[in-house]
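K.L.:
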């Protein structure tokens with residue numbers, strides 16, 4: 027079974043430039059998450075999708091961040107324009123919601139550096 | 011709001027020895043799950059072990075076991091017979107039960123294994 031796929035693995039951009047990250051979840055997983063992990067910190071949720079619907083985007087900075095999950099499969103997270111403080115690892119995870127554990131499977135992440 | 015605290019930024023263990031990583035959490039809920047994730051330098055978060063709050067028995071997965079003290083809100087991870095491949099960041103995480111819960115992570119503990 028293929029895991030969660032993310033691309034690119036690394037991205038370096040100048041501030042004020044746009045950037046996009048792509049995620050393909052595990053086949054059949056209806057829930058998809060985007061997390062941001064700052065250096066030396068644990069991941070923090072940005073947005074959670076159940077199928078095509080964004081059910082929790084309370085932590086997404088909506089002035090510059092946007093996300094979409096068309097057809098309830100893969101997803102794109104965009105930042106426009108990027109700021110220096112956006113440098114972080116962006117992790118995507120997916121799960122098949124339900125007991126017993128709601129286990130989330132993570133992708134390898136995209137390391138973003140904004141210069 | 012739920013919080014997760016890992017008070018040990020770094021830990022070190024000799025190969026083949028045992029090490030315990032600490033985690034405390036704060037919640038007023040009774041239905042929740044607790045997890046330990048491992049994040050090696052490759053950045054891929056890997057689930058190590060999970061514990062359902064309603065279960066009194068401590069979870070065990072091969073060399074990994076937990077000490078779940080519900081009243082004290084403590085959830086420590088014990089790694090027995092440590093191996094060089096265990097070296098990584100370890101994150102404790104909390105998830106509210108039901109379909110609305112999101113993972114809340116601690117700041118992590120960096121584990122080094124000495125040969």
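Residue numbers (the working numbering), protein chains in the order written: chain A, 27 to 141; chain B, 11 to 125. From the three backbone atoms N, C-alpha and C, an ideal C-beta is built for every residue, glycine too. Computed from a predicted structure; not experimentally measured.
1. I want to verify the contact list: residues of chain B whose CB lies under 9 angstroms from the CB of residue 115 of chain A, in sequence order.
2. Does the Cβ of residue 112 of chain B have 16 or more other Cβ atoms within 10 Å, making it buried, or fewer, making it exposed?
3. Determine, using beta carbons only, whether residue 42 of chain B and residue 83 of chain B come nearer to each other than 8 angstroms.
4. If the cut is a Cβ gap below 9 angstroms, which residues of chain A does residue 73 of chain B touch?
5. Tell whether a beta-carbon distance below 8 angstroms holds between residue 92 of chain B and residue 27 of chain B.
6. Is there at least one Cβ from chain B nearer than 8 angstroms to residue 98 of chain A's Cβ?
7. What's the call for residue 95 of chain B, buried or exposed, on a 16-neighbour Cβ count within 10 Å?
8. Say whether the stretch 110 to 118 of chain A touches the stretch 59 to 66 of chain A, bearing in mind that this needs 3 or more beta-carbon pairs closer than 8 angstroms, one atom from each stretch.
9. With burial defined as no fewer than 16 other Cβ atoms inside 10 Å of the residue's Cβ, what is the status of residue 131 of chain A: buried or exposed?
10. Run through chain A and tell me which residues come within less than 7 angstroms of residue 115 of chain B, C-beta to C-beta.
11. So does the stretch 66 to 84 of chain B actually touch the stretch 15 to 24 of chain B, counting three or more Cβ pairs closer than 8 angstroms?
12. Determine the burial state of residue 133 of chain A: buried for a count of at least 16 other Cβ atoms within 10 Å of its Cβ, exposed for fewer.
13. For the beta strand (DSSP E) that residue 79 of chain A lies in, which residues bound it at each end?
14. Taking the beta carbon of residue 28 of chain A as the centre, do at least 16 other beta carbons fall within 10 Å, making it buried, or is it exposed?
15. Rank B:55, B:38, B:39 and B:125 by C-alpha distance to the C-alpha of residue 45 of chain B and give the top, closest one.
16. To the nearest whole angstrom, what separates the beta carbons of residue 84 of chain A and residue 93 of chain A, a pair I think is in contact under 8 angstroms?
17. Mind checking who residue 36 of chain B pairs with in its DSSP beta bridge?
18. Of all Cβ atoms in chain A, is any one closer than 8 angstroms to the Cβ of residue 35 of chain B?
19. Who pairs with residue 50 of chain A in a beta bridge, going by DSSP?
20. Just reading off the beta strand (DSSP E) that residue 104 of chain A is part of, what are its end residues?
21. My output table needs one value for residue 41 of chain A: the three-state DSSP class, helix, strand or coil.
22. Ordered along the chain, which non-local residues of its own chain (more than five positions away) have a Cβ less than 8 angstroms from that of residue 123 of chain A?
P.N.:
Taking the geometry as given:
1. 53
2. buried
3. no
4. Those within 9 angstroms of residue 73 of chain B in chain A number zero; the least Cβ separation is about 20 angstroms.
5. yes
6. no
7. exposed
8. yes
9. buried
10. 68 and 69
11. no
12. buried
13. 79 to 82
14. exposed
15. B:55
16. No, residue 84 of chain A and residue 93 of chain A are not in contact; Cβ-Cβ is about 13 angstroms, not under 8 angstroms.
17. B:13
18. no
19. A:31
20. 101 to 105
21. coil
22. 56, 57 and 76
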